[in-house]
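Chains as they are written, first to last, in my numbering: chain A, 1 to 333; chain B, 334 to 844.
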């Protein structure tokens with residue numbers, strides 16, 4: 001009789017299956033998107049060519065960099081809606097610095113740091129004033145956009161020719177680079193951040209915070225300080241995304257990247273991030289960003305109008321989350 | 334040996350106009366389990382939160398190991414060796430067992446996680462608990478509640494706590510898991526740890542604790558050794574007045590007309606087979622372990638979960654078991670009280686008035702327009718009738734104590750004029766004073782010829798209230814027998830082994 005009363009645990013198999021489904025899900029999605037467009041276009045060879053691949057990757061850089069920062073925030077159970085505005089602001093800041101004759105390195109650094117500063121302010125409002133992240137960053141969305149327009153004098157800021165303009169080009173000048181420097185930067189940073197999230201105390205605490213904030217607090221984790229770090233670090237990534245934005249347009253534009261935060265959030269969510277926190281991975285988010293880029297690119301290749309892209313991407317987001325819910329209904333009872 | 338590890342004197346705390354604690358003294362000795370007993374609202378949770386560093390007291394002295402103790406954060410409490418195990422588990426479900434055990438104390442060098450050390454450390458702590466299935470790399474969400482509790486206790490041990498505060502740790506556990514937990518606590522005690530144990534169940538307290546302190550209205554009213562006090566005395570101290578009879582006396586009438594017949598109801602896999610008749614004016618009890626299918630049965634009857642098969646007759650009229658919905662059942666005169674008061678029973682943010690009238694807004698509206706005055710007046714009537722302690726009817730339900738919230742749920746069923754009441758754990762987690770009042774309301778319903786189905790894990794309640802009892806065991810419901818044909822032992826036997834009482838006992842029923 002006592003054998004029946006041992007502590008019950010659900011069997012390990014479905015859990016393992018789920019883990020793999022979660023890991024492979026976004027990847028399968030990506031393959032599916034590529035395959036579908038390759039079959040639909042008249043010339044699959046062109047769609048799958050290295051040439052097109054480079055275009056897609058160069059187009060992904062901004063969303064990918066944003067998604068790295070956003071993954072940290074979403075895993076911690078937060079959200080940042082101000083990213084699009086921050087990208088505009090930092091692109092303008094970088095452009096202004098370049099126009100004022102500062103060395104490119106200083107200008108880029110300034111752009112990145114302004115992003116980090118905005119993130120720090122978001123973090124302070126969230127922890128100090130106890131405003132929920134959604135509202136705090138919604139406010140910042142307006143403030144940063146307005147600030148960008150203000151310092152840019154409501155017009156685009158043209159910049160002199162420097163190496164900054166070459167960061168996100170499709171065909172880099174030393175051709176042995178193969179891909180735009182921005183792509184390599186995004187790749188390196190995504191690996192770095194994935195390792196940080198996985199192998200450092202900070203990273204695991206980000207997960208702990210998102211999974212159960214009360215537990216994290218009860219375990220002596222300094223939650224406000226942790227949040228400040230998360231929003232500030234993510235802000236640095238958003239600042240870098242702004243630099244890439246400036247590089248692509250070769251000017252600072254205060255009206256650019258409207259709604260980009262939604263693309264970024266979508267990338268994270270398609271990649272398995274949960275808006276209720278505790279779940280998400282850099283790899284998943286990167287694949288999410290690629291799925292969206294291939295979708296956009298595929299639609300362009302097909303000559304479909306913009307609104308079709310929007311409808312398809314909207315549908316994909318809902319489907320991705322629905323699949324995620326289905327997965328959850330089996331793990332968390 | 335009888336060293337005092339924790340001492341409180343005259344600790345007080347007020348929240349605005351509410352006095353939560355008003356002079357609490359407590360002395361915890363090394364290697365003892367000290368029960369903190371008191372009704373809901375007596376201040377137990379506030380006291381725990383003060384000890385755990387989440388709340389700061391307004392006045393009073395606290396010492397740990399003879400040294401002054403005034404924590405300003407949970408981190409302080411942790412550093413002084415105090416760990417709080419909450420009623421609701423506070424684990425991170427997405428993280429692994431090891432990560433949960435070592436949360437806040439992750440072994441690392443220069444911020445770099447040492448996974449091997451983490452694994453080893455958590456294994457060390459886990460080793461003493463004989464739960465091989467709790468591996469350090471398992472995700473906590475995949476563990477059972479009981480296993481999660483073990484993880485939570487391991488966390489306290491990993492933090493080198495020597496004072497563990499447990500806030501109703503058994504509320505989410507089944508009977509056999511409770512036995513496991515108690516074995517654990519005894520081990521902790523023999524290792525020299527001290528435990529403050531909060532519980533509503535006196536039987537449980539007697540089983541595990543050595544000494545006690547009773548908290549009433551924010552004050553510690555008595556303390557001592559449990560062996561020197563009777564349950565009756567404890568109850569008197571808790572409620573401040575003698576409770577002669579918790580359960581209302583009730584004339585048991587000859588079976589009246591059958592209001593609800595349930596035949597072969599099944600909701601696989603949780604509920605395999607349930608048949609019973611529910612008569613007007615009777616209280617039918619359903620006993621059984623948590624997870625045995627009791628809740629699923631009630632939910633299926635009320636149309637909340639889809640039934641796979643089965644048939645109902647309501648007031649001799651056949652109705653389909655499948656495709657039922659709560660909307661339909663409400664119209665048919667069924668009322669449902671959920672075991673999950675916060676999640677399902679109440680809309681915590683809405684007013685008492687909205688909560689009470691929401692299933693029959695027709696009573697206080699015309700053409701879709703709500704007559705707020707009528708709604709208030711009607712609610713005031715219920716507040717008075719059920720003795721709900723509230724300032725006014727528009728007070729949000731969440732501001733009430735658990736017992737009073739439950740009375741609001743009952744008021745809703747009464748307002749709805751339901752004549753078949755499906756009550757799932759109607760008195761779970763509420764204080765004795767409110768319990769007595771709720772029993773009175775339920776008994777009144779039976780007197781008014783309503784039919785009551787009462788699911789409960791608390792046997793004294795079933796025996797005190799019901800005319801007949803049926804037992805659910807692994808999805809099968811025994812036949813309902815007169816309460817006189819059962820003893821607590823036979824009910825438990827039926828619940829655990831699925832055995833019905835011997836034929837000899839059953840024969841009595843026919844007499």
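Beta carbons: idealized from backbone N, C-alpha and C, even for Gly.
Separation of residue j from residue i, as counted between CA atoms
{"i": "residue 841/B", "j": "residue 815/B", "result": "Because the pLDDT at residue 841/B is just 39, under 50, the model does not fix this residue reliably, and the point stays unresolved."}
{"i": "residue 33/A", "j": "residue 57/A", "result": "15 Å"}
{"i": "residue 739/B", "j": "residue 583/B", "result": "22 Å"}
{"i": "residue 248/A", "j": "residue 425/B", "result": "42 Å"}
{"i": "residue 201/A", "j": "residue 93/A", "result": "34 Å"}
{"i": "residue 1/A", "j": "residue 217/A", "result": "Confidence in residue 1/A is poor, its pLDDT being 33 and thus under 50, which makes the residue's placement too unreliable to answer from."}
{"i": "residue 141/A", "j": "residue 86/A", "result": "7 Å"}
{"i": "residue 90/A", "j": "residue 168/A", "result": "16 Å"}
{"i": "residue 825/B", "j": "residue 540/B", "result": "18 Å"}
{"i": "residue 76/A", "j": "residue 571/B", "result": "43 Å"}
{"i": "residue 11/A", "j": "residue 608/B", "result": "Its pLDDT being 42, under 50, residue 11/A is placed unreliably by the model, and the measurement read from it follows with that caveat. Rounded to the nearest angstrom, the two C-alpha atoms are 32 Å apart."}
{"i": "residue 844/B", "j": "residue 634/B", "result": "The pLDDT assigned to residue 844/B is 32, lower than 50, so where the model puts this residue is not dependable; a value taken from the coordinates is nonetheless given after this. Their Cα atoms are separated by approximately 31 Å."}
{"i": "residue 323/A", "j": "residue 272/A", "result": "10 Å"}
{"i": "residue 593/B", "j": "residue 709/B", "result": "33 Å"}
{"i": "residue 24/A", "j": "residue 288/A", "result": "12 Å"}
Distance cut-off 6 Å: residue i Cβ against heavy atoms of the ligand SAH
{"i": "residue 746/B", "result": "Only the bare structure without any ligand can be found here, which leaves the ligand SAH out of the picture."}
Residue interval of the beta strand (DSSP E) (run including residue i)
{"i": "residue 530/B", "result": "527-531"}
{"i": "residue 757/B", "result": "753-757"}
{"i": "residue 367/B", "result": "366-370"}
{"i": "residue 397/B", "result": "392-397"}
{"i": "residue 552/B", "result": "552-558"}
{"i": "residue 687/B", "result": "Element bounds for residue 687/B: not the beta strand (DSSP E) but the alpha helix (DSSP H), 685-690."}
{"i": "residue 612/B", "result": "604-612"}
{"i": "residue 340/B", "result": "337-348"}
Anticipated Cβ contact below 8 Å, residue i with residue j, distance rounded
{"i": "residue 439/B", "j": "residue 204/A", "result": "6 Å"}
{"i": "residue 170/A", "j": "residue 180/A", "result": "6 Å"}
{"i": "residue 716/B", "j": "residue 763/B", "result": "No, residue 716/B and residue 763/B are not in contact; Cβ-Cβ is about 17 Å, not under 8 Å."}
{"i": "residue 729/B", "j": "residue 683/B", "result": "7 Å"}
{"i": "residue 404/B", "j": "residue 345/B", "result": "Their Cβ separation, rounded to whole angstroms, is 16 Å, which puts residue 404/B and residue 345/B out of contact at 8 Å."}
{"i": "residue 110/A", "j": "residue 257/A", "result": "At roughly 18 Å, the Cβ-Cβ gap does not stay under 8 Å, so residue 110/A and residue 257/A are not in contact."}
{"i": "residue 337/B", "j": "residue 354/B", "result": "That pair is no contact at about 20 Å."}
{"i": "residue 752/B", "j": "residue 666/B", "result": "5 Å"}
{"i": "residue 654/B", "j": "residue 643/B", "result": "4 Å"}
{"i": "residue 359/B", "j": "residue 553/B", "result": "6 Å"}
Under 7 Å between C-beta atoms of residue i and residue j
{"i": "residue 417/B", "j": "residue 498/B", "result": "yes"}
{"i": "residue 434/B", "j": "residue 512/B", "result": "no"}
{"i": "residue 548/B", "j": "residue 377/B", "result": "yes"}
{"i": "residue 368/B", "j": "residue 538/B", "result": "yes"}
{"i": "residue 125/A", "j": "residue 144/A", "result": "no"}
{"i": "residue 211/A", "j": "residue 612/B", "result": "no"}
{"i": "residue 669/B", "j": "residue 604/B", "result": "no"}
{"i": "residue 84/A", "j": "residue 255/A", "result": "no"}
{"i": "residue 456/B", "j": "residue 465/B", "result": "no"}
Residue i: first and last residue of the uninterrupted alpha helix (DSSP H) it sits in
{"i": "residue 263/A", "result": "260-270"}
{"i": "residue 381/A", "result": "No information on residue 381/A is available, as it lies outside the stretch 1 to 333 that chain A covers here."}
{"i": "residue 628/B", "result": "627-634"}
{"i": "residue 84/A", "result": "83-99"}
{"i": "residue 51/A", "result": "50-75"}
{"i": "residue 193/A", "result": "181-199"}
{"i": "residue 777/B", "result": "765-780"}
{"i": "residue 412/B", "result": "407-412"}
{"i": "residue 432/B", "result": "430-434"}
Under 8 Å by beta carbon: chain A residues contacting residue i
{"i": "residue 441/B", "result": "200, 201"}
{"i": "residue 417/B", "result": "218"}
Per-residue contacts from residue i into chain B (C-beta, under 7 Å)
{"i": "residue 220/A", "result": "407, 408, 411, 437"}
{"i": "residue 204/A", "result": "432, 439, 446"}
Residue i: contacting residues in chain A (beta-carbon distance under 7 Å)
{"i": "residue 427/B", "result": "207, 211, 278, 279"}
{"i": "residue 636/B", "result": "Within chain A, no residue comes near residue 636/B; the closest Cβ sits about 21 Å away, beyond 7 Å."}
{"i": "residue 621/B", "result": "Correct list: empty, because the minimum Cβ distance to chain A is about 15 Å."}
{"i": "residue 456/B", "result": "Here the premise fails: no neighbours, minimum Cβ distance about 17 Å."}
Contact set between residue i and chain B, taken where Cβ atoms lie within less than 8 Å
{"i": "residue 216/A", "result": "425, 436, 437"}
Short-range partners of chain D found in the stretch 273-284 of chain A, where Cβ spacing is below 9 Å: You won't find chain D in this structure, because its protein chains are A and B.
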